[in-house]
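Data first, discussion second: the structure below is written as structure tokens.
In my numbering, the protein residues as written are 11 to 457.
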């Protein structure tokens, strides 16, 4: 099948590479000629495990190419995916300008029946808007060409996106056209062989499914963080609580880890956009508002713990930070708790020495060169001459460090563990002042 993907960001590149690897002919379109030139050379602008290798294989095989020529990409396609960004608008709603701009481009160049697929995360009703823009543009051309618009939201976890695409839990198709559904089934057949994962529903339900899924996961995280804050005050251990409630199959173990709050491009944006959708529909949605406000407060907890552990004055201190990405196995720092921490430290007059296995270049892009930030080549170099260590990201390489080396390097044996990587009792036995999130042992030293 001939597939065109508008947008060469995270969703577009992963989708394009996986469709190409299944034998389809894929064209990725972007308006940035420099980005297209880099992609043509196999230079992938994001970090996702396995993506560079998969892309290089399919570029070499001639199954995927990159272009700024939108007109030819539209005309040559059987299915056209819209996978451009939907950044939050000033009021928290999703900004659809890029989605609708692509819709207009499609309408200007449509020359026969195509299936247009909303892959971007978009509010309920967006497919109707896309359909309207394409139809209006065709009318302005004096053309009456048949097309369908369907919703096919992505459910990719950063750090595990290739597995999620190739072995999906479900493939949601929102459509009211049997012709479009048949083409979608054909395209997804290679990813659907073990058992039928395709779930077909109406378009608006498909659009809402994506938002509801992300809002549910974000809710679980904020709930556990609130439980952790209670646990600290009453002397309970949130890790023991997690194991206790996770054993209930109605709850399960996924997304019930307390920590420094969620980040990334999806949860914060989608919770706010769904809240805005509820408001626009006249629905009071106190829970969605509470999920996001709880998360914003949680991002401040590691700074609060650090300040308390160091007597309330961080001016002139140098703090080691392990982990800058919002989660492991990505370089994405959007809405990352590390950013809240570092910016709070700088405001308090402290310096930061930081290390992350993948997000160093992204950190430089965001903050540039600044005197109060030193980026180090390895985690132990980041400890040199510092007053305390803060862990913001649960990278696997941080789980079994050389604690003796950490203790030798730190001026004060203080560890603020924003991801609960270590056992509090062992850390105390090793001579550390250790503060996790919701660990009853650490609270007695801070409050």
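Beta carbons are placed, not taken as given, at the ideal position from N, Cα and C, and that holds for glycine.
| Check | Outcome |
| --- | --- |
| Cα-Cα separation, residue 326 to residue 234 | 34 angstroms |
| Residue range of the alpha helix (DSSP H) that includes residue 279 | 277-290 |
| Collapsed DSSP secondary structure at residue 314 in the structure displayed | helix |
| Cβ neighbours of residue 449 in the same chain (closer than 6 angstroms, five flanking residues each side left out) | 247 and 434 |
| Residues near residue 455 by beta carbon distance below 8 angstroms, same chain, minus five either side | At residue 455, the pLDDT of 40 sits below 50, so the modelled position is not reliable and the matter cannot be decided from this model. |
| Secondary structure of residue 272, DSSP reduced to three states | coil |
| Counted within 10 angstroms of its Cβ, other Cβ atoms place residue 409 as buried (16 or more) or exposed | exposed |
| Identified DSSP bridge partners for residue 190 | Beta-bridge pairing links residue 190 to no other residue. |
| Helix, strand or coil at residue 377 [DSSP, three-state] | helix |
| Proximal residues to residue 115 (C-beta, below 6 angstroms), its chain only, five neighbours per side dropped | 80 |
| Contacting residues, own chain, Cβ-Cβ under 8 angstroms from residue 288 (five flanking each side not counted) | 294, 295 and 298 |
| contact_flag[the region 68-80, the region 38-51] where n(CB pairs < 8 angstroms) is 3 or more | yes |
| Pair within 8 angstroms by beta-carbon distance, residue 384 and residue 333 | no |
| First through last residue of the alpha helix (DSSP H) which encompasses residue 115 | 107-119 |
| Alpha-carbon to alpha-carbon, residue 12 and residue 144 | 20 angstroms |
| Counted within 10 angstroms of its Cβ, other Cβ atoms place residue 270 as buried (16 or more) or exposed | buried |
| Cut-off 8 angstroms between Cβ atoms - residues of its own chain near residue 174, not counting five sequence neighbours on either side | 165, 166 and 167 |
| At least three beta-carbon pairs within less than 8 angstroms, the region 393-403 to the region 339-351 | yes |
| Whole-number beta carbon distance between residue 159 and residue 121, since they are thought to touch under 8 angstroms | Actually they do not touch by this definition, with Cβ atoms about 17 angstroms apart. |
| Residues that residue 128 bridges to, as DSSP identifies them | 92 and 161 |
| Check whether residue 19 and residue 95 have beta carbons under 8 angstroms apart | yes |
| Local Cβ density within 10 Å of residue 279, reported as buried at 16 or more and exposed below that | buried |
| Alpha-carbon to alpha-carbon, residue 277 and residue 136 | 19 angstroms |
| Helix, strand or coil at residue 333 [DSSP, three-state] | coil |
| For residue 206 and residue 117, the rounded distance between their alpha carbons | 33 angstroms |
| Proximity to residue 220 [Cα-Cα], best of 132, 138, 156 and 238 | 132 |
| Cβ neighbours of residue 427 in the same chain (closer than 6 angstroms, five flanking residues each side left out) | 401 and 446 |
| C-beta contact flag for residue 212 and residue 184 at 8 angstroms | yes |
| Buried/exposed call for residue 367, threshold 16 Cβ in 10 Å | buried |
| Segment limits, beta strand (DSSP E) that includes residue 263 | Neither: residue 263 is in no beta strand (DSSP E) and is coded neither H nor E. |
| Pairwise C-alpha distance: residue 204 and residue 331 | 43 angstroms |
| Beta carbon of residue 372 nearer than 8 angstroms to that of residue 343 | yes |
| Inter-residue Cα distance where the pair is residue 34 and residue 148 | 28 angstroms |
| Backbone CA spacing between residue 424 and residue 397 [nearest angstrom] | 8 angstroms |
| Range covered by the alpha helix (DSSP H) that runs through residue 444 | Per DSSP, residue 444 belongs to no alpha helix (DSSP H); it is in the beta strand (DSSP E), 443-445. |
| First and last residue of the uninterrupted alpha helix (DSSP H) at residue 237 | 213-244 |
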